[in-house]
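In the numbering used here, each number is its position in the sequence shown, counted from 1, plus 451.
These notes are about the structure you will find just below.
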Amino acid sequence: CVGVLGNVSGCAMSIVSFYSHVSGTGKTLSLSFGNSAFMSPLDVHMFQPKDTDNALYNGLGTLGDLSGSMDEVTLMGDDQRAVDMAYSITLGREKNALDKNREAREPEKWTAPLRVSTNKSLYEMYDTAMSQSSPTALRTLQFELHDKVFVDQYGKHMANVLRKNYGHALPEIADEVIRMGGVEPVWEKG
């Protein structure tokens, strides 16, 4: 939904984080559900935590209105890098730059959220790296996952269902937003 409505909010996009301090709670499975809205759920590791900023910007620019994902953000190793990523990615465009001929290059742009998984709260990482972290935290929607029992019982079944039935959710979301009057009325009502 953020990919459809995000540009009305004044922030190009957000980071949607699934975190848990323990493994087996469904962080990667959650990314698979997000991916399955418009592509194969197996493309969970579209972006890697060690990707350069340019690789990330180019990838997000290629996706445009389609959401991307990154598994295990804590592998970045540096809380400040997570803060920088959260701020720069949510702007929805890379900085203006020159090409090798010293001419202005069209910056990459994107509007869909980046979904991430992490074993440490992004809010904690923001607090560690900066004293005034609320503007960055407002760009992040975070869900703590803690139900290991549910994932143990149903996770494999859910992953199999996703692999056989994916790519259908996004058109229905867009159709519903159009039916309800468009992005601005839906955003205001929400």
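Cβ atoms here follow ideal geometry from the backbone N, Cα and C, with glycine treated the same way.
The model shown is predicted, which means the values in this text are computed figures rather than measured ones.
task: Tell me, please, whether the CB atom of Leu480 is closer than 7 Å to any CB atom in chain D?
output: No chain D is part of this structure, which consists of one protein chain only.
- request: Look up Glu623 in the DSSP assignment and say whether it is helix, strand or coil.
  value: In the sequence shown, residue 623 corresponds to position 172, counting from 1. Assigned with DSSP and collapsed to three states, Glu623 falls in helix.
message: Between the alpha carbons of Thr541 and Tyr508, how many angstroms are there, rounded?
response: Taking the sequence shown and counting its residues from 1, one reaches residue 541 at position 90. Taking the sequence shown and counting its residues from 1, one reaches residue 508 at position 57. Each residue's Cα considered, the two are about 11 Å apart.
According to DSSP, residues forming a beta bridge with Met521: By 1-based counting over the sequence shown, the position of residue 521 is 70. Partner(s): Phe498 and Val567.
Beta-ladder partner(s) of Leu549, from DSSP: Along the sequence shown, read from residue 1 onward, the residue named residue 549 stands at position 98. Answer by DSSP bridge pairing, in chain order: Ala555.
- request: Go through its chain and collect everything with a Cβ distance to Thr525's Cβ below 6 Å, but skip five positions before and after it.
  value: Counting from 1 along the sequence shown, the entry for residue 525 is found at position 74. Counting only Cβ-Cβ distances below 6 Å, and skipping sequence neighbours, we find Thr569, Asn570 and Lys571.
message: On a Cα-Cα basis, can you pick out the residue from Val467, Met490, Gln593 and Met527 that is closest to Asn616?
response: On the sequence shown, residue 616 is found 165 positions in, with the first residue counted as 1. Ranking Val467, Met490, Gln593 and Met527 by Cα distance to Asn616 puts Met490 first.
- request: Give the straight-line distance between the Cα atoms of Glu623 and Ala563, rounded to the nearest whole angstrom.
  value: If you number the sequence shown from 1, residue 623 lands on position 172. If you number the sequence shown from 1, residue 563 lands on position 112. So the two alpha carbons sit approximately 16 Å from each other.
query: Thinking C-alpha only, which one of Lys501, Gln604, Pro558 and Ser520 is nearest Ser481?
result: Here residue 481 is taken as the residue at index 30 of the sequence shown, counted from 1. Taking only the C-alpha atoms, the option nearest Ser481 is Ser520.
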